[in-house]
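Contents: one structure, followed by commentary.
In structure tokens:
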């Protein structure tokens, strides 16, 4: 991850240090993933300035870097398969034989793959900061958001499939945002009850205990409500407040090998590829609209709510521009005709299939 240096001297070392060249290094478990535990404002400024100096890469470079990363991950997977089969780590020669390479070529490919991933990460650290800024004032320090976003960025480099034709930044945005939002959710898990509700919960538990001891059975809702002097509806609210939440970090399975949260599907969450298509479509649509005349851009933006606001009627748009409804209709029709014909239509057409 990005390393903040205490020295003012310029370093030629890459910003995102993924770890040593040791072939046993696991990107998901190495200690160098995070930012330093404590910061000064000067160190933060230095970090932001440093990532700002990293050169951007074009789509062709993304494809090549991604290819090298995937080649390295395949080699790492072959090594892991050997470990599972033999119950021990392979020697370099054994590893090389399994993947059909000589030892020198194997080490070179591993090294190239690590450097490619490092370069892909470094070139997108600004994207992490950009996404993190959107989640300020959520109870999580800015640098914690960056750290979690950087971890998501690393996951994106491992999952990205360049053959789909999309930019890496479009795909990485989902993983970065997921890391940040999960961090915020984890930080905000503690539920704080008002003092008066805490007292009610204590009374509920004491009443249940006393009535169960006296009658030999658990009291009904009606009996509890009467004993506590509250309505049944109010009692249910107190019962709900008394229910302890289950942590999504709860380990499950015979050996605790899984987390409860990993087994729960979020049906509302947009999948990486779906979001990538959506964001790409928005970018292509915006590019197509920018080729129109200014008045045509403004009319379509207002008529179809492309500015994030609700769509407006012909009359509302006409009043805004001091034009008749019919004139707005004509402008809209002409703008749509242009979008349906020529290059914009070809670029947007594949989203409809």
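Numbering (this note's numbering), first residue to last: 67 to 419.
Ideal Cβ placement from N, Cα and C applies to all residues, glycine included.
About 6 Å separates the CB atoms of residue 193 and residue 235; that is less than 8 Å, so the two are in contact. About 19 Å separates the CB atoms of residue 238 and residue 209; that is not less than 8 Å, and the two are not in contact. For the alpha helix (DSSP H) assignment, the uninterrupted runs of no fewer than 4 residues enclosed by the region 135–219 are, from N- to C-terminal side, 158–164, 169–188, 191–199.
In its chain, beyond the 5 residues on either side, 383, 394, 397, 398, 401 have a beta carbon closer than 7 Å to the beta carbon of residue 365. Burial check for residue 140: the Cβ neighbour count within 10 Å stays below 16, so the residue is exposed. Taking C-beta atoms under 8 Å as the contact rule, residue 128 and residue 233 qualify, at a distance of about 7 Å. In this structure, the beta-carbon distance from residue 176 to residue 221 does not fall below 8 Å. Under the DSSP assignment, residue 387 falls in the alpha helix (DSSP H) whose first and last residues are 380–387. Residues 135, 183, 186, 187 of the same chain have their beta carbon placed closer than 7 Å to that of residue 223, with the five preceding and five following residues left out of the count.
By the beta-carbon neighbour count (other beta carbons within 10 angstroms, threshold 16), residue 306 is exposed. Beta-carbon to beta-carbon, residue 368 and residue 378 are separated by about 5 Å, close enough to satisfy the 8 Å threshold. Straight-line measurement puts the Cα of residue 213 at about 12 Å from the Cα of residue 250. Along the region 339–376, the beta strand (DSSP E) does not occur as any fully enclosed run of 3 or more residues. For the options 145, 231, 242, the alpha carbon positioned closest to that of residue 166 is the one of 145. Shown here, residue 407 sits in coil according to DSSP, grouped into three states, outside any helix or strand. About 5 Å separates the beta carbon of residue 201 from that of residue 246, a gap short enough to meet the 8 Å contact definition. For residue 401, the three-state secondary structure derived from DSSP is helix. Setting aside the 5 residues that flank it on each side, residue 268 has no residue in the same chain whose C-beta is closer than 7 Å to its C-beta. Annotated three-state conformation of residue 226 is coil, per DSSP. Under the three-state reduction of DSSP output, residue 237 falls in the helix class. In the three-state reduction of the DSSP assignment, residue 276 falls in the helix class, which pools H, G and I.
For the set 373, 360, 359, the Cα lying nearest the Cα of residue 348 is the one of 373. In this structure, 354 is the residue among 354, 196, 293 with its C-alpha nearest to the C-alpha of residue 407.
In this structure, the CA atom of residue 149 is about 21 Å from the CA atom of residue 180. If you draw a 10 Å sphere on the C-beta of residue 300, you find fewer than 16 other C-beta atoms in it, and that means exposed. A residue is called buried once 16 or more other Cβ atoms fall within 10 Å of its Cβ, and residue 190 is buried on that count. DSSP places residue 304 in the uninterrupted alpha helix (DSSP H) bounded by 298–308.
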